[in-house]
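Beneath this line is the structure, given in structure tokens, with notes to follow.
In this note's numbering, the protein residues as written are 120 to 384.
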């Protein structure tokens with residue numbers, strides 16, 4: 120993967136690209152979850168690089184894309200467009216994991232003509248209609264609760280909560296390692312605080328696949344995914360033996376699901 124950057128008045132965004140030699144190869148953009156970084160898709164990069172152009176990136180405020188001012192999902196979509204423009208890539212397949220589903224959805228709203236499909240990986244939909252007042256209140260408390268937990272305990276509990284396998288657990292800790300506790304808490308506060316900026320529900324006219332870990336107990340992700348699938352008719356497939364970090368817990372099944380979905384486009 121070639122490491123590159125794009126600059127805006129808000130900060131520098133880092134991304135990695137593996138360009139397939141076939142000029143007609145599709146491009147997949149993988150967007151990581153909260154407090155994580157581009158390494159989250161290690162097993163997907165290995166698998167899909169043979170047939171596709173692959174882009175991973177550190178979402179603004181995460182990984183190496185720090186510092187960053189005026190974070191919003193609208194701005195993350197603008198940075199992603201700048202990456203694609205710089206690489207002269209006209210159309211992409213989006214894969215958004217957990218928080219990474221929000222920059223993906225925002226990009227798909229702003230630049231729908233540049234999206235071929237969206238794989239929602241253990242993530243949730245935009246729109247206040249899915250979230251009760253109590254749900255929204257609890258999300259706003261995450262930052263405060265995280266502040267009260269000792270540093271090492273916070274990291275271990277976060278890694279344990281999203282994983283069922285040692286590989287997923289160790290990878291989550293590895294991604295958290297460069298961050299201070301202040302960084303982690305800041306990311307939680309800003310990311311969760313921005314999720315309801317776009318209040319309306321959105322239906323996408325391109326194909327969407329929802330993937331959900333069998334043991335995903337992060338918040339109410341399971342309930343939101345089920346409601347999303349029912350309301351919009353998007354297929355919902357369960358990843359066996361996986362928790363929230365399903366693309367690390369059971370990367371073989373996730374890779375197959377994504378591959379089959381893309382081949383069926």
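The beta-carbon is built from N, C-alpha and C at its ideal position, and this holds for glycine as well.
Predicted model only: the values in this text are computed from it and were never measured.
Who are the near neighbours of residue i in its chain, counting only those whose CB is closer than 6 Å to its CB and skipping five residues on each side?
i, result
"residue 133", "124, 177, 183, 184"
"residue 245", "224, 317, 321"
"residue 150", "215, 219, 222, 223"
"residue 261", "307, 311"
"residue 127", "none"
"residue 233", "210"
"residue 290", "367"
"residue 156", "177, 181, 182, 294"
Going by DSSP in three states, residue i sits in which element: helix, strand or coil?
i, result
"residue 376", "helix"
"residue 148", "strand"
"residue 219", "helix"
"residue 314", "coil"
"residue 384", "coil"
"residue 388", "There is simply no residue 388 to check, as the chain begins at 120 and stops at 384 in what is shown."
"residue 234", "strand"
"residue 181", "coil"
"residue 194", "helix"
"residue 225", "helix"
"residue 161", "helix"
"residue 155", "coil"
"residue 321", "coil"
"residue 202", "helix"
"residue 298", "coil"
"residue 348", "helix"
"residue 275", "helix"
"residue 293", "helix"
"residue 245", "coil"
"residue 303", "helix"
"residue 309", "helix"
"residue 370", "helix"
Taking Cβ positions only, does residue i come closer than 8 Å to chain D?
i, result
"residue 324", "Among the chains in the structure shown there is no chain D, since it carries only a single protein chain."
Looking only at DSSP bridge pairs, what is residue i linked to?
i, result
"residue 123", "134"
"residue 173", "137, 147"
"residue 187", "130"
"residue 239", "215, 329"
"residue 363", "DSSP, once it has assigned bridges, lists no residue as partnering residue 363."
"residue 356", "330"
Count the other C-beta atoms from every protein chain shown that fall within 10 angstroms of the C-beta of residue i, then say buried if there are 16 or more, exposed otherwise.
i, result
"residue 276", "exposed"
"residue 301", "exposed"
"residue 255", "exposed"
"residue 198", "buried"
"residue 164", "buried"
"residue 252", "exposed"
"residue 209", "exposed"
"residue 205", "exposed"
"residue 383", "exposed"
"residue 363", "buried"
"residue 121", "exposed"
"residue 313", "buried"
"residue 263", "exposed"
"residue 366", "buried"
"residue 372", "buried"
"residue 341", "buried"
"residue 207", "exposed"
"residue 324", "exposed"
"residue 217", "buried"
Taking 7 Å as the limit between beta carbons, can you name the residues of its chain near residue i, skipping five residues before and five after?
i, result
"residue 187", "129, 130, 179, 180"
"residue 361", "283, 332, 333, 334, 368, 369"
"residue 144", "170, 171, 172"
"residue 140", "none"
"residue 319", "246"
Grab me the residues of residue i's own chain with a C-beta within less than 8 Å of its C-beta, minus the 5 sequence neighbours each way, in chain order.
i, result
"residue 316", "191, 192, 193"
"residue 189", "129"
Are there three or more Cβ pairs, one per stretch, closer than 8 Å when the segment 269-279 is compared with the segment 226-234? no
Determine, using beta-carbon pairs with one atom in the segment 324-336 and one in the segment 237-247, whether at least three such pairs fall under 8 Å. yes
Examine the Cβ distances between the segment 331-344 and the segment 355-367 and report whether three or more of them are shorter than 8 Å. yes
Three or more C-beta pairs closer than 8 Å, one from the segment 277-292 and one from the segment 341-353: is that the case here? no
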